[in-house]
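The block underneath contains the structure these notes are about, expressed in structure tokens.
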Amino acid sequence: MSKTFKIAALAGDGIGPEVMHEAIKVLRAVEKKFSLSFQITEAPVGWAGIDAAGKALPDATLALCKESDAILFGSVGLPDRDPTIPKEERPERAALLRIRKEFGLFANLRPVKLPKALAHACPLRPERQGDGIDILVVRELTGGIYFGQPKKTENYSIDETQADEGATIFIKRAQRAIDTMVYTTPEIERIAHVAFKAAALRRNKVTSIDKANVLENGVLWREVVTKVARQYPHVALEHMFVDNAAMQLMLRPTQFDVMLCENMFGDILSDEAAALAGSLGMLPSASLGLTSGVHTFGFFEPAGGTAPDIAGKNLANPIAQILSTALMLRYSFDLEATADAIEAAVGKAIAQGLRTGDIFTPAETNAKQVGTREMGDAIAAAL
Ligand code: NAD
Numbered sequence: 001m002s003k004t005f006k007i008a009a010l011a012g013d014g015i016g017p018e019v020m021h022e023a024i025k026v027l028r029a030v031e032k033k034f035s036l037s038f039q040i041t042e043a044p045v046g047w048a049g050i051d052a053a054g055k056a057l058p059d060a061t062l063a064l065c066k067e068s069d070a071i072l073f074g075s076v077g078l079p080d081r082d083p084t085i086p087k088e089e090r091p092e093r094a095a096l097l098r099i100r101k102e103f104g105l106f107a108n109l110r111p112v113k114l115p116k117a118l119a120h121a122c123p124l125r126p127e128r129q130g131d132g133i134d135i136l137v138v139r140e141l142t143g144g145i146y147f148g149q150p151k152k153t154e155n156y157s158i159d160e161t162q163a164d165e166g167a168t169i170f171i172k173r174a175q176r177a178i179d180t181m182v183y184t185t186p187e188i189e190r191i192a193h194v195a196f197k198a199a200a201l202r203r204n205k206v207t208s209i210d211k212a213n214v215l216e217n218g219v220l221w222r223e224v225v226t227k228v229a230r231q232y233p234h235v236a237l238e239h240m241f242v243d244n245a246a247m248q249l250m251l252r253p254t255q256f257d258v259m260l261c262e263n264m265f266g267d268i269l270s271d272e273a274a275a276l277a278g279s280l281g282m283l284p285s286a287s288l289g290l291t292s293g294v295h296t297f298g299f300f301e302p303a304g305g306t307a308p309d310i311a312g313k314n315l316a317n318p319i320a321q322i323l324s325t326a327l328m329l330r331y332s333f334d335l336e337a338t339a340d341a342i343e344a345a346v347g348k349a350i351a352q353g354l355r356t357g358d359i360f361t362p363a364e365t366n367a368k369q370v371g372t373r374e375m376g377d378a379i380a381a382a383l
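Read left to right, the sequence shown gives residues 1 to 383 (the working numbering).
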């Protein structure tokens with residue numbers, strides 16, 4: 001008998017429940033078409049968790065995540081809700097950071113895909129878009145300068161000698177801030193393996209981003225990635241300095257397949273790359289943890305937030321959430337062909353001219369503006 005995949009579905013706040021509803025609709029269609037079995041259990045998180053159980057990540061929700069094969073997440077946070085709640089208890093920290101830590105999610109994968117039909121949504125001129133942009137940014141998520149110690153702001157004194165007053169010494173009080181960028185060989189190795197494995201499922205090219213001309217971290221990063229590459233002879237490796245990478249993303253984004261980045265460079269470049277897709281509503285993301293058996297535990301969510309401005313109005317684009325299910329099937333469940341089928345169904349709905357408000361322009365005469373539910377229906381039907 002085939003395995004039943006256990007999925008914790010945490011919709012969260014704002015548009016979360018609406019887009020999650022469409023993603024589950026698509027997963028149910030996938031079950032039928034591919035004779036798969038998903039046990040999907042929904043649980044509150046974010047403000048929904050605070051309302052239901054007094055905590056952004058209720059104990060029961062965390063317990064459900066622990067007994068699941070993957071977490072399908074919506075988004076959390078409502079900026080206008082109760083400003084008196086301390087930062088550490090607000091959903092963005094209490095739920096998201098806690099889950100990242102709890103499950104050791106060290107790899108963040110952000111695919112950025114701009115289908116030809118949505119060329120108008122991209123800020124680049126059409127001739128820079130080639131046959132469509134298709135990049136996967138693989139970002140290390142738990143190391144580097146965001147976490148390295150020491151990390152502090154401290155007082156310090158500057159001795160200033162004033163010559164014309166007979167070498168009087170003044171002590172000037174100032175502050176200094178210290179962040180530490182640190183990576184170990186195993187940390188670089190494991191994220192490099194994620195990038196090479198991902199490239200092997202795509203176009204077999206990894207561009208590793210560093211600043212080896214200035215940073216010690218960059219030199220070690222380059223050495224370790226080069227060594228790991230030897231285990232993947234079919235995947236081509238190139239190295240690029242981060243400043244050049246930022247420029248190349250604007251000039252010739254079609255040259256990239258997988259971009260492998262340390263934490264801070266990945267944070268910045270993945271947002272830059274995301275802008276190429278035109279709308280946050282199109283962008284899924286995966287955070288992967290340690291592999292248990294053949295399966296990698298993962299956390300799958302749209303790149304955007306709770307979009308309070310459009311929540312509850314059937315306006316949100318459900319594609320990012322639906323594409324997150326495709327990433328879950330690909331990276332946690334090893335169901336590559338099924339993941340491809342979901343992505344193809346999204347492509348079909350786009351090719352049919354269906355557009356939610358964020359990707360609609362009246363200039364596209366064949367396009368039709370639809371709501372969240374209609375887009376979900378069309379994608380489920382396209383399967
Ligand atoms: P946002 O991503 O929610 O919205 C930014 C803009 O993008 C808005 O105009 C919104 O309407 C639009 N947008 C986002 N997703 C869309 C979709 N699926 N379809 C159509 N349009 C979409 O960012 P924000 O407004 O800065 O943040 C709102 C809240 O979300 C904040 O509380 C923030 O902390 C939280 N947030 C949560 C996550 C997460 O849970 N991972 C990520 C980012 C922001």
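Ideal Cβ positions, reconstructed from N, Cα and C, are used throughout, including at glycine.
Per DSSP, the continuous alpha helix (DSSP H) segment holding Ala274 begins and ends at 263–275. At least one heavy atom of ligand 1 is found less than 7 Å from the C-beta of Asn317. Taking a 10 Å sphere around the C-beta of Val214, we find fewer than 16 other C-beta atoms and assign the residue as exposed. Unbroken alpha helix (DSSP H) stretches of 4 residues or longer found wholly inside the region 297–336: 319–327, given in chain order. Distance from the C-beta of Thr361 to the nearest heavy atom of ligand 1 is not below 7 Å. Leaving aside the five residues that flank Thr361 on each side, the residues in its chain whose CB is nearer than 7 Å to its CB run, in chain order, His120.
About 14 Å separates the CB atoms of Leu383 and Ala351; that is not less than 8 Å, and the two are not in contact. Take Ala60, set aside five residues on each side of it, and the residues of its chain with a beta-carbon closer than 8 Å to its own are Ala43, Ala53, in chain order. Cβ contact annotation for Val219 (same chain, cutoff 7 Å, sequence separation greater than five): Ala212, in chain order. In this structure, Asp257 places its C-beta atom within 8 Å of the C-beta atom of Arg203. Here the region 18–29 does not lie against the region 76–86, with fewer than 3 beta-carbon pairs under 8 Å apart.
At a cut-off of 7 Å, the beta-carbon of Asp51 does not count as near ligand 1: no heavy atom of the ligand is closer than that. Selection Pro126, Met375, Cys261 evaluated against Arg190 yields Cys261 as nearest (Cα-Cα). In terms of CA proximity to Gln369, Asn317 leads the group Met250, Ala339, Pro308, Asn317.
Separation of the CB atoms of Pro111 and Ala56 is rounded to 28 Å, and the pair is thereby denied contact status at 8 Å. In this structure, the straight-line span from the alpha carbon of His193 to that of Val225 is close to 9 Å.
Nearest to Tyr232 by alpha-carbon distance, out of Lys197, Met250, Leu27, is Lys197. Counting the other CB atoms within 10 Å of its CB gives Ile171 a total below 16, which places it among the exposed residues.
Looking at the DSSP output, Leu237 bridges to Val206. Counting along the chain, the unbroken alpha helix (DSSP H) around Arg98 starts and ends at 98–102. When the beta-carbon positions are compared, Glu18 and Thr372 come within less than 8 Å of each other. Thr4 sits exposed, since fewer than 16 C-beta atoms from the chains shown fall within 10 Å of its C-beta. Remark: the shortest separation between the CB of Glu127 and any heavy atom of ligand 1 does not fall under 7 Å. Taken from the Cβ of Gly132, every heavy atom of ligand 1 lies 7 Å or farther away. Spatial neighbours of Ala11 in its own chain (CB-CB distance under 6 Å, excluding positions within 5 residues in sequence) are listed in chain order as Pro17, Met20, Gly74. DSSP places Asn108 within a strand segment (E or B) once states are collapsed to three. Taking the Cβ atoms as the reference, Ser287 lies roughly 42 Å from Arg173, outside the contact range of under 8 Å. Lys6 sits in a strand when the DSSP states are folded into three classes.
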